[in-house]
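Working notes, beginning with the structure itself.
2 protein chains.
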Amino acid sequence: MLTERQSRILDIVVREHVDTAQPVGSQSITRKYRLGVSSATVRNEMAELEEQGFLGHPHTSAGRVPTEQGYRFYVEWLMGEEELPAEAQETIRHQFHQLEGGQEGWVHLGASILAQVVENAAVVTAPRTTACRLKHLELVSLNDTAALLVLVLDQARLKQQVVSLDAAATQEELSATAAKLNHPVEGLTAHEIAGVAERAAILTPVERQVLDIVESTMRAVDEGSADETYLEGIRHILAQPEFADSARVLELLDLLDQGNLARTIPLHALAQEGVTVIIGADNPRLGSASEAMRECSVILGSYGSQGVASGVIAVLGPMRMRYPRTISTVRYLANVMSDLLAQYYP
Amino acid sequence: MLTERQSRILDIVVREHVDTAQPVGSQSITRKYRLGVSSATVRNEMAELEEQGFLGHPHTSAGRVPTEQGYRFYVEWLMGEEELPAEAQETIRHQFHQLEGGQEGWVHLGASILAQVVENAAVVTAPRTTACRLKHLELVSLNDTAALLVLVLDQARLKQQVVSLDAAATQEELSATAAKLNHPVEGLTAHEIAGVAERAAILTPVERQVLDIVESTMRAVDEGSADETYLEGIRHILAQPEFADSARVLELLDLLDQGNLARTIPLHALAQEGVTVIIGADNPRLGSASEAMRECSVILGSYGSQGVASGVIAVLGPMRMRYPRTISTVRYLANVMSDLLAQYYP
DNA sequence: ATTAGCACTCTTGCCTTGAGAGTGCTAATC
DNA sequence: GATTAGCACTCTCAAGGCAAGAGTGCTAAT
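Set out below in C-alpha cells:
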C-alpha cells in the first residue's frame, strides 16, 4: 500500500509533528533529514499520502498534519517497540517503594506516577475482583452504644462500618461476639454469609445484627469496587497547545470527572492482554457528542490476572502523543502493579 | 469614610461585576437601578471611590471594576450575612447521608460537595489531631510468612500494614499474639508504645517485631495526617472567564496540586473560629511568585474542636466570587462536618 | 522518475478605520 | 453647593487591507 519512501516520510511527519505541534512542510523535512531527494519529491509523496488519507492540510497552504489514519498506521507499522528507559523504570519502582506495606492508596498512587511519567492524564481503576471473601472480622468499642465493625477482606482490603448497638456492650463482650462469629464465616462471600445467617438458629440478636451488617457491607464492596477509579494529571493536558483555551479542557473534564469516566472510556471493555491503543474517534463509546475527545487518544492496559482480580490502567492525551514512550510506560506499570497485587493475593 | 450613596454604588458595582464579569459603567447602573440621580453624578462618585482605592479602571475608558480593597470593604460592611438556602442545606446533608457508617472517604466527599455547591475549587484537610491512640490491633494471616496487621485507632480510623514474618505462623498463633499484645498497649500513643516495648522484657521476637511495626506505623499516621488534603472542582475555575486561557489555570494547578497546596494557602495558620476571608494578595503566604493566585480569593473555615481534632475547609475561586453564598456554605459545611466528626469521637 | 522554478494560496502580524461605550470636564441648572 | 446636561476625548473591539513568510501544486526540463 505504501512504498518504503512514503512510510519513511509518514514516519518523519508524525514524529516531527508530535515534537513541535506544528504542521510540517516539505522543505523543513529535507533540510533536517538527509533523504537524498528534493523537497519537490517529498511534496509529491505527501500529496499521495494525503490522497490515501494518512495526512491532512489544516489550510490549503500549510504543512501536513497526520490524520487519525496516519497515526494508526504509525502506531501499527512504523513505530518501534521501545523498552522503557532504565531511569524511568527506576522512578516508577522508587515511588511505589515508598508505600512499604501499607497499601492504602496504591491505586491512586499508580495513577499519579503514570501521569507524571508520561506527562499526560492517567486513569487507574482498582482491581475488579470476583465476589470478595471475608478473612476476619473484629468489633471495637467506640462508646457504650456504638462499635466499629472492622472487616478484613481478601487482597488485604479493609472495610469499616459504625454499628449502633441495640444494647450496651463492653469491649470484652464485643470481642467474644467477634470470636464466636469469625469461625463460621471465614472465607465466605456475602452471599454465602447470608446463607449461614439464615441456617444458624442459635444466634443472639446482636450476632444476627452484626452478620446482617457484614453482609450488606460486603455487598456494597462488591458493587462499589467497580467504580473506584482515579484520574490524575489533567494539568499536563492543560499544558498542551491544542488545549490552550480552557473551554476545551472544560469539556474534557466534564466528560471525565468521576461518574462519567467509565462512560467515556471503555475501560473494561477492551483491555485484553497487552496494550490497546485507541486513536481519536475510533473509541467505540463515543457518539458524536464529544468534540474534544475526538482529538484525544487513549492507551489502555490491564494489570492483575484476568479472571481473578484485575484493574485497568489508561493514559489519556491529545492524539499528538509520544506513543512509543507512553505504550512502554503503560506496559511496564502494568507489570509492576501486577507484581504488587500478587503480593496481597494468596 | 464613605457616604451612604458611595456605599450603595460600591455595593452595586461589586454585585454587578460578580454577575457579569464585565466592567460596569455609570449609565448601565442608572438604567438598571433607580437611584434617583443621573449617570453624571454616579460618575463623580465613582471617581471619588477610585480616588480612595475602592474601584479601578481596566483601561482609561471602560467601566469600573472593584479593587481588592473594594471587595474587602464589600465583604466587611456591605454584604449581608446570608443563611444558606434550605435547598442547598438539603443537598449537602443528603450527600453525606449516602456514606452511612463507612466513613472511609468522608473528607474527600466533603471537598466534592463543597466544590459542587459553591461552584468553585474546594480544599478540605483531614482532621489534624493530637498524637493518635491505638484502640485495638489484630493480625490476619495472608499466607505462611506474611500477615496483615490491622490497627484500629481513635476516631474510627483504620490502618493496615503487611508484615513479613520471620517464622511461619498459623492464624491461631497470630490471634494469640494479637490477644496478648492488645491489653498492654490499648489507648496508648506511638511514643508510649515504644516505652512499653522497651520495658517489657518478656516479649518473644515476633511480638517485639509486631510492636515495632505498630509504633512506626502510628508515627507515620501522626506525621502523615497533616498532609492529607483533598482538592476538588478545578473545573469550576476553568469555566470562569478570567481563566479562559489555560496557561493561567496551569499556573494555579502547579501551585495547588498536592505537595504545594499547604504552602500556597495558609490552611492551618488562620483558621480560628468562624470563617476567614482572604482576598487577593493579602494572603500572607504569597510572595511575588504567584501571578494567578493574586486574582483569587480564599474562604477558610474549620471543623471539629480546636484542641482535639480539627480540620480545615476552604474554597478557592477568582476574586470575583459570590461571597455571601460561599461564606454561608463554608459555615454550614463546617457545622455538618463537626457533627459528623463528633460521632466518631468518644 | 526526479527536480527546478514559479505562480498561487493561506496564515500571521500590523496598521488603519469606524463604531460603541465610558469617562472627565465644564458650564448651566435647581 | 450639589446635581446634571453636554461634549470632547480615550480606549476597546471588530473588520478590512497590506506585506511578509511559508508551503503547496503544477509544469517543464533533466
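Chains as they are written, first to last, in this note's numbering: chain A, 19 to 364; chain B, 19 to 364. Think of the CB as a built atom: it goes at the ideal place given N, C-alpha and C, for glycine as much as any other residue. Since the structure is predicted, the reported quantities are computational estimates derived from the model, not experimental observations.
{"Asked": "Report buried or exposed for I283 of chain A, applying the criterion of at least 16 other Cβ atoms within 10 angstroms of its Cβ.", "Found": "buried"}
{"Asked": "For E156 of chain B, decide whether its Cβ has a neighbour in chain A, counting only Cβ atoms nearer than 8 Å.", "Found": "yes"}
{"Asked": "Pull up the DSSP beta-bridge partners for V31 of chain B, would you.", "Found": "Answer is none; V31 of chain B lacks a bridge partner."}
{"Asked": "Using the beta-carbon count (16 or more within 10 Å), is H35 of chain B buried or exposed?", "Found": "buried"}
{"Asked": "Taking the straight line between their C-alpha atoms, what separation do you get for P145 of chain A and I27 of chain B?", "Found": "58 Å"}
{"Asked": "Let me know the secondary structure DSSP gives I345 of chain B once reduced to three states.", "Found": "helix"}
{"Asked": "Please report how far the alpha carbon of A310 of chain B lies from the alpha carbon of V267 of chain B, in whole angstroms.", "Found": "8 Å"}
{"Asked": "Which residues does DSSP list as the beta-bridge partners of N353 of chain B?", "Found": "Beta-bridge pairing links N353 of chain B to no other residue."}
{"Asked": "For the segment 186 to 210 of chain B, enumerate the residues whose C-beta is nearer than 7 Å to any C-beta of chain A, in chain order.", "Found": "none"}
{"Asked": "Is it buried or exposed, T347 of chain A, if we count other Cβ atoms within 10 angstroms and call 16 or more buried?", "Found": "buried"}
{"Asked": "Go ahead and label N62 of chain A buried or exposed: buried means 16 or more other beta carbons lie within 10 angstroms of its beta carbon, across all protein chains shown.", "Found": "exposed"}
{"Asked": "Leaving aside the five residues before and after M237 of chain B along the sequence, list all residues of the same chain whose C-beta is less than 7 Å from its C-beta, in chain order.", "Found": "Contrary to the premise, residue 237 of chain B reads as Arg rather than Met in this sequence. Counting only Cβ-Cβ distances below 7 Å, and skipping sequence neighbours, we find A208."}
{"Asked": "Measuring only between beta-carbons, confirm whether S308 of chain B sits less than 8 Å from chain A.", "Found": "no"}
{"Asked": "Got a sec: which bits of the segment 41 to 75 of chain B sit with their beta carbon under 7 Å from any beta carbon on chain A, in order along the chain?", "Found": "none"}
{"Asked": "Hey, how far is the Cα of A265 of chain A from the Cα of P259 of chain A?", "Found": "13 Å"}
{"Asked": "Taking all protein chains shown into account, decide if S323 of chain B is buried (16 or more other Cβ within 10 angstroms of its Cβ) or exposed.", "Found": "exposed"}
{"Asked": "Compute the distance between the beta-carbons of Q178 of chain B and I231 of chain B, then report whether it is under 8 Å.", "Found": "no"}
{"Asked": "Have a look at the DSSP bridge pairing and note the partners of V142 of chain A.", "Found": "A:Y248 and A:I331"}
{"Asked": "For F261 of chain B, decide whether its Cβ has a neighbour in chain A, counting only Cβ atoms nearer than 8 Å.", "Found": "yes"}
{"Asked": "Exposed or buried, which one is T147 of chain B when buried takes at least 16 other CB atoms within 10 Å?", "Found": "buried"}
{"Asked": "Check the DSSP bridge columns for N161 of chain A and list the partner residues they point to.", "Found": "A:A164"}
{"Asked": "By Cβ distance below 7 Å, which residues in the same chain neighbour T235 of chain B in space, the five residues on each side in sequence not counted?", "Found": "L169, K177 and Q179"}
{"Asked": "When the Cα of E246 of chain B is compared with those of B:T143, B:Q45, B:L127 and B:R49, which residue comes out closest?", "Found": "B:T143"}
{"Asked": "Can a CB atom of chain B be found closer than 8 Å to the CB of R253 of chain A?", "Found": "yes"}
{"Asked": "Return the chain-ordered list of same chain residues with a C-beta closer than 8 Å to the C-beta of A139 of chain A, the five sequence neighbours on each side being excluded.", "Found": "A133, L249, E250, G251, I252, H254, I255, L274, V333, L334 and G335"}
{"Asked": "Residue range of the alpha helix (DSSP H) that R237 of chain A falls in?", "Found": "P223 to G242"}
{"Asked": "Relative to the C-alpha of L167 of chain B, which candidate in B:G71, B:N200 and B:G319 has its C-alpha closest?", "Found": "B:N200"}
{"Asked": "Beta carbon of L96 of chain A, beta carbon of S25 of chain A: below 8 Å?", "Found": "yes"}
{"Asked": "Using alpha carbons as the reference points, say which of A:R349, A:G329 and A:Y341 lies closest to A13 of chain A.", "Found": "Look at the range of chain A in this structure, 19 to 364, and you will see that residue 13 of chain A is not part of it."}
{"Asked": "Strictly under 8 Å for the Cβ-Cβ distance: is D357 of chain A near chain B by that measure?", "Found": "no"}
{"Asked": "Taking beta-carbon pairs under 7 Å, can you tell me which members of the segment 138 to 169 of chain A lie near chain B?", "Found": "K153, H154, E156, V158, L160, N161, L166 and V168"}
{"Asked": "Using C-beta distances below 7 Å, list every residue in its chain close to S306 of chain B, excluding the 5 sequence neighbours before and after it, in chain order.", "Found": "Bear in mind that a pLDDT of 47 at S306 of chain B, under 50, signals an unreliable position, so the model cannot answer this."}
{"Asked": "Helix, strand or coil: how does DSSP classify D263 of chain A here?", "Found": "strand"}
{"Asked": "Just the C-alpha distance for S182 of chain B and V158 of chain B, rounded to the nearest angstrom, thanks.", "Found": "12 Å"}
{"Asked": "At which residues does the beta strand (DSSP E) containing V316 of chain B begin and terminate?", "Found": "C314 to S323"}
{"Asked": "What does A174 of chain A touch in chain B if you count any residue whose Cβ is under 7 Å from its own?", "Found": "L160, L166, Q178 and V180"}
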